[in-house]
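Peer 1: Numbering (our numbering), first residue to last: 406 to 467.
Backbone N, C-alpha and C fix where the C-beta goes; we use that ideal spot for every residue, glycine too.
Bear in mind that the values here come from a model prediction, so they are computed numbers and not experimental data.
(1) By DSSP, does residue 431 sit in helix, in strand, or in coil?
(2) Taking only the alpha-carbon atoms, compute the straight-line gap between residue 457 and residue 442 and give it to the nearest angstrom.
(3) Please work out which residues of its chain come closer than 6 Å, Cβ to Cβ, to residue 418, disregarding the five sequence neighbours upstream and downstream, and give them in chain order.
(4) On the CB-based measure, 16 or more other CB atoms within 10 Å of its CB, does residue 448 come out buried or exposed?
(5) Compute the Euclidean distance between the alpha carbons of residue 426 and residue 438, then round it to the nearest angstrom.
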């Protein structure tokens, strides 16, 4: 079984939780944490998809 934090969304959710708690200096607001987590997740997916669609460097064979 895979480690829970290896999942992209769960990693984003944990990051959002910790960031929100630090910003509020208290237990994080549930809705603000949810919004932040989805924002992180969407950004991570966009970055992943952007890097997946780049052509690999061409290697000339001599």
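Peer 2: Walking through what the data contain:
(1) Coil.
(2) Going from the Cα of residue 457 to the Cα of residue 442 covers about 22 Å.
(3) Excluding five sequence positions before and after residue 418, the CB atoms of its chain that fall closer than 6 Å to its own CB belong to 442, given in chain order.
(4) Exposure of residue 448 is indicated by the presence of fewer than 16 other C-beta atoms within 10 angstroms of its C-beta.
(5) Linking residue 426 to residue 438 through their CA atoms gives a straight-line distance of about 9 Å.
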